[in-house]
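Numbering (this note's numbering), first residue to last: 166 to 290.
For every residue, glycine included, the Cβ atom is placed at its ideal position computed from N, Cα and C.
Working notes for the structure below.
Now the structure itself:
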């Protein structure tokens with residue numbers, strides 16, 4: 166679910182199906198880290214793979230997967246990212262509180278490398 170209305174509809178559907186939700190994972194990442202990650206990503210025009218790049222890495226213009234051109238999305242600039250985060254926080258906080266009140270919320274530290282984050286998530290599954 167991405168907002169409170171969707172969460173309530175999802176909960177109702179699960180109840181109707183007799184399915185119990187055990188946990189809801191919330192991956193928590195520092196605001197500066199989110200801005201850094203998103204402002205440094207590039208997407209392959211061909212295969213749509215996403216890569217983190219260094220801003221000074223001019224030689225990283227081709228996709229290592231398929232050789233397609235890498236592009237920066239227009240919405241991956243700092244100002245747009247900050248606005249998206251404000252919207253996300255205003256919509257998501259009620260959702261987080263909804264699941265926390267039900268005792269289902271598990272906050273996972275989303276800092277570090279993908280492998281580390283995956284290991285943290287798997288501990289709760």
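- Judged by beta-carbon spacing, residue 199 lies beyond the 8 Å limit of residue 258, meaning their Cβ atoms are not closer than that value.
- Within the segment 196 to 266, complete alpha helix (DSSP H) segments of at least 4 residues are found at 196 to 204, 243 to 266, given in chain order.
- If you check the CB distance, residue 206 and residue 241 come in under 8 Å.
- Considering only 231, 289, 218, the residue with the shortest C-alpha distance to residue 210 is 231.
- Remark: C-beta atoms of residue 190 and residue 289 approach each other more closely than 8 Å.
- Only buried fits residue 264, as 16 or more other CB atoms lie within 10 angstroms of its CB.
- Within the same chain, Cβ atoms closer than 7 Å to the Cβ of residue 193 are found at 272, 273, 274, 275, the five residues on either side in sequence being excluded.
- Separation of residue 248 and residue 215 (C-alpha to C-alpha, rounded to the nearest whole angstrom) is 21 Å.
- Within the same chain, and ignoring the five residues on either side of residue 243 in sequence, the residues whose Cβ sits closer than 8 Å to its Cβ are 200, 204.
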